[in-house]
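> According to mature numbering (1 follows the signal peptide of the UniProt record, and there is no 0), the sequence shown holds residues -21 to -1, 1 to 419 in order.
Yeah, the Cβ is synthetic: ideal placement off N, Cα and C, and Gly gets one too.
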Amino acid sequence: MCRLSVASLFICFCLLERSHCNGSLQDSMGELHSRFAVSLYQTLTEMENNSNLIMSPVSVSLSLGLLQLGARGNTLAQLEETLGYNVNDVQVQEFMLHAQNAVSNTSQGMWLQQTCTLFIQSAVQLLTQFTQHAAAWANANVVRANFSQPNHTRSQHQGTATGGELSGSGEAQGDAVLWGHRLQMALVNTVAFRGVWQKQFLFTNTQNLPFILSDGSAIKVPMMYQATEVSFGQFRTVSDQRYTVLELPYMGRSLSLQVVLPSERKTPLSSLESQLTARQLAFWDTGLRRTKMDIFLPRFKMQNRFNLRSVLPAMGISDAFNPTAADFSGVSGWDQGLYVSDAFHDVKIEVTEDGTKAAAATAMVLLKRSRAPVFKADRPFLFLLRQIKTGKYPSQVIFTVLLYNFVKIALIFQMKFLFFQVIHIFLIKCKYFHNFVRGF
């Protein structure tokens, strides 16, 4: 079971969207999702400035889509402009529903689940149309709550968000939620993932090797090793910088992890990040070839929390957070002064193990005896978790991670990924704004 923590990587969970919509809609929606994911990622990296980062673009867009159902006027226009589509369109709703069904997938060695819950203060009068559309939007749950009793509401949130799946795994679930009587609406989105490699890394091949951080310094990290045939490709950016992509499939082969590494050791990861585009993500689907390689991959763990309130306005969504400009009259049919006070994003990723002993130095011996090409992720790199593309269906970025510093080291016998992320979007009445902020 796992979570992640290294020194500069970027992880994208990309999921194949199979719907009954026409091909042109699938292609355009897939590209719009990729554009939003890249825009969100680049905005965050500029603000975080070489900080570790985890986010779920698909969860953010899903949550914003739910807000779009109740937005009106310029608030709606900004959401539509940033996302690139209008969720009130029937075809878009059908497409997203099929995509959501694809996200919630369980198979041998892999478990992926996403839930979206909208908690509404019991005194708020809702439009029937909004309630119906919210319930239908990506299988979202609409729950009446009493925010004046935070313990009870928090308990509701924990049960709804995880369905008990992660409740005993030590995940922090309720501590990030700032429940209170001033709240009128809380949007909570969670994503959880577990996966096992198709070909697992052996514990006895793991050893401590140098990893070069973004500042040029080196630290010793547990580096896993295996020699196997993988999908591998070499690409160039628009500025002619070369980089490589390695793909490792998970059990069941419905999901794979793509590792992206600059080809030149002196090329910083930041130069590649700034040139990341939706079109390049599409190139990776078709440009990989089967190759026998020696693979070195570190293990890691990290967690992240940030407030989208400072991020989304930079992407064009500002009115929703403005007490005087926000228009969510589509929620109740008349202006109750609702606006988004905060939108918290909480994520954890971890790599753990079943083994209990330290790693041996077998990998170096195997490397010296092998003439196969070497892929050694011993410096900042990108991670992408994607559902393996089939046919003409587009991919959707579900999860992204950027790490600049190792947080915690763990030994491993077999590698699994455990991913848990939560988005909280709070809507409150304007007249409570200043007191609410001081309450933090």
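I'd like the ranges of any alpha helix (DSSP H) spanning at least 4 consecutive residues and lying wholly in the region 33 to 72.
36 to 49, 52 to 62
> Run the CB neighbour count on THR303, radius 10 Å, all protein chains shown included, and call it buried at 16 or more, exposed below.
Your numbering for residue 303 matches position 324 in the sequence shown. By the 10 Å Cβ count, THR303 comes out exposed.
> DSSP puts ARG14 in a beta bridge; with which residues?
Along the sequence shown, one-based indexing puts residue 14 at 35. The secondary-structure analysis by DSSP pairs ARG14 with nothing; it has no beta-bridge partner.
> Of all the options HIS112, GLN179, LEU267, HIS324, which has the alpha carbon lying nearest to the alpha carbon of LEU46?
Residue numbering aside, residue 46 sits at position 67 when the sequence shown is read from its first letter. Residue HIS112 is the option with its Cα nearest to LEU46.
> Considering only residues of the same chain and omitting the five flanking positions on each side of SER218, which have a CB-CB separation below 7 Å?
Numbered from 1 along the sequence shown, position 239 holds the residue referred to as residue 218. Around SER218: GLN254.
> At the level of alpha carbons, what is the spacing between SER101 and ASN125?
Your numbering for residue 101 matches position 122 in the sequence shown. Your numbering for residue 125 matches position 146 in the sequence shown. If I take the Cα positions, the gap works out to 6 Å.
> Pull up the distance between the alpha-carbon of MET203 and that of GLN163, whole angstroms please.
Taking the sequence shown and counting its residues from 1, one reaches residue 203 at position 224. Taking the sequence shown and counting its residues from 1, one reaches residue 163 at position 184. Spanning the two alpha carbons is a distance of roughly 48 Å.
> Just confirm the distance between the C-beta atoms of LEU240 and THR216, as a whole number of angstroms; I'd bet it's less than 8 Å.
Reading the sequence shown from its first residue, position 261 is the one you call residue 240. Reading the sequence shown from its first residue, position 237 is the one you call residue 216. Actually they are not in contact, since the Cβ atoms of LEU240 and THR216 sit about 13 Å apart, beyond 8 Å.
> Taking Cβ to Cβ, would you say LEU276 is nearer than 8 Å to ALA356?
For the purposes of this step, residue 276 is taken as the residue at position 297 of the sequence shown. For the purposes of this step, residue 356 is taken as the residue at position 377 of the sequence shown. A contact, by the Cβ cut-off of 8 Å.
> Compare the Cα-Cα distances from ASP194 to each of ASN184, ALA119, LEU227, THR246 and report the closest residue.
For the purposes of this step, residue 194 is taken as the residue at position 215 of the sequence shown. Per the Cα distances, THR246.
> Which residues does DSSP pair with residue 498 in a beta bridge?
A question about residue 498 goes unanswered here, because the residues of the chain that appear run from -21 up to 419.
> Along the chain, where does the beta strand (DSSP E) that runs through THR223 open and close?
What you label residue 223 is simply residue 244 of the sequence shown in a count that begins at 1. Note, THR223: beta strand (DSSP E), 221 to 228.
> Helix, strand or coil, according to DSSP, for VAL310 in the structure here?
If you number the sequence shown from 1, residue 310 lands on position 331. In this structure, VAL310 counts as helix in the three-state DSSP scheme.
> Taking 8 Å as the cut-off, decide whether the C-beta atoms of VAL167 and PHE98 are in contact.
On the sequence shown, residue 167 is found 188 positions in, with the first residue counted as 1. On the sequence shown, residue 98 is found 119 positions in, with the first residue counted as 1. It is a contact, given that the beta carbons lie within the stated cut-off.
> With DSSP collapsed to three states, give me the class of ARG258.
Counted from its first residue, the sequence shown places residue 258 at position 279. Correct three-state label for ARG258: helix.
> At the level of alpha carbons, what is the spacing between ALA16 and THR94?
Residue numbering aside, residue 16 sits at position 37 when the sequence shown is read from its first letter. Residue numbering aside, residue 94 sits at position 115 when the sequence shown is read from its first letter. Straight-line Cα distance between these residues: approximately 19 Å.
> Roughly how many whole angstroms lie between the Cα atoms of GLU150 and VAL175?
Position 171 of the sequence shown, counted from the start, is the residue given in the question as residue 150. Position 196 of the sequence shown, counted from the start, is the residue given in the question as residue 175. Note on GLU150: pLDDT 37, under 50, position unreliable in the model; the coordinate value appears next. Near 20 Å, if we compare the C-alpha coordinates of VAL175 and GLU150.
> Is LEU248 closer than 8 Å to PHE180 when the C-beta atoms are compared?
Numbered from its first residue, the sequence shown carries residue 180 at position 201. Numbered from its first residue, the sequence shown carries residue 248 at position 269. No.
> What number of angstroms, rounded off, separates the C-alpha of THR223 from the C-alpha of MET75?
Residue 223 sits at position 244 when you count from the first residue of the sequence shown. Residue 75 sits at position 96 when you count from the first residue of the sequence shown. Cα-Cα distance, rounded: 32 Å.
> Within its chain, find whatever has a CB closer than 6 Å to the CB of SER242; leave out the 5 residues flanking it on each side and keep chain order.
Here residue 242 is taken as the residue at index 263 of the sequence shown, counted from 1. Only ARG221, TYR222, THR223 meet the Cβ criterion.
> Are the CB atoms of ASN53 and ASP306 within a distance shorter than 8 Å?
For the purposes of this step, residue 306 is taken as the residue at position 327 of the sequence shown. For the purposes of this step, residue 53 is taken as the residue at position 74 of the sequence shown. Yes, Cβ-Cβ distance for ASP306 and ASN53 is below 8 Å.
> Could you spell out the range, first to last residue, of the beta strand (DSSP E) harbouring GLY104?
Residue mapping note: residue 104 aligns to position 125 of the sequence shown, counting from 1. A small correction: the amino acid at residue 104 is Gln; Gly does not occupy that position in the sequence shown. No beta strand (DSSP E) contains GLN104, which DSSP labels as neither H nor E.
> Sorted by chain position, which residues of the same chain lie with C-beta nearer than 6 Å to ASP298's C-beta, five sequence neighbours on each side aside?
Walking along the sequence shown from the start, residue 298 turns up at place 319. The beta carbon of ASP298 is closer than 6 Å to those of ASN53, THR54, GLN57, ALA304, ALA305 in its chain, skipping five residues each way along the sequence.
> With distances taken between CB atoms, is the gap from VAL209 to LEU188 smaller than 8 Å?
Reading the sequence shown from its first residue, position 230 is the one you call residue 209. Reading the sequence shown from its first residue, position 209 is the one you call residue 188. Their beta carbons are not under 8 Å apart, which means VAL209 does not touch LEU188 by this criterion.
> Can you tell me which residues form a DSSP beta bridge with ILE191?
To locate residue 191, count along the sequence shown from 1; it is residue 212. ILE191 pairs with ALA197.
> With DSSP as the reference, please indicate the residues paired to GLY212 in a beta bridge.
The residue labelled residue 212 in the question sits at position 233 within the sequence shown. DSSP lists VAL224 as partners of GLY212.
> When you compare the CB positions of LEU41 and PHE109, do they come within less than 8 Å of one another, or not?
Here residue 41 refers to the residue found at position 62 of the sequence shown. Here residue 109 refers to the residue found at position 130 of the sequence shown. Not a contact, by the Cβ cut-off of 8 Å.
> Output the distance between the C-alpha atoms of PRO36 and ASP264, rounded to the nearest integer angstrom.
For the purposes of this step, residue 36 is taken as residue 57 along the sequence shown, with counting starting at 1. For the purposes of this step, residue 264 is taken as residue 285 along the sequence shown, with counting starting at 1. Roughly 19 Å separates the two Cα atoms.
> Answer with buried or exposed for ILE198, where buried requires no fewer than 16 other C-beta atoms within 10 angstroms of its C-beta.
As a first step, residue 198 must be located in the sequence shown, where it is residue number 219. ILE198 comes out exposed.
> Does DSSP classify ARG244 as helix, strand or coil?
As a working mapping, residue 244 is identified with position 265 in the sequence shown. Here ARG244 sits in coil by DSSP.
> Take ARG269 and list the residues in its own chain whose beta-carbon comes closer than 7 Å to its own, dropping the five residues that flank it on each side.
By one-based count along the sequence shown, residue 269 stands at place 290. GLU208, SER210.
> Could you round the C-beta distance between PHE354 and HIS324 to whole angstroms and report it? I think they count as a contact, below 8 Å.
In the sequence shown, residue 354 corresponds to position 375, counting from 1. In the sequence shown, residue 324 corresponds to position 345, counting from 1. That pair is no contact at about 31 Å.
> Roughly how many angstroms separate the alpha carbons of GLN213 and LEU267, rounded to a whole number?
Locating residue 213 in the sequence shown gives position 234, where the first residue counts as 1. Locating residue 267 in the sequence shown gives position 288, where the first residue counts as 1. Computed Cα separation, rounded: 8 Å.
> Using only alpha-carbon positions, find the residue among GLN104, LEU105, ASP68 that is nearest to TRP116.
Counting from one through the sequence shown, the residue named residue 116 turns up at place 137. It is ASP68.
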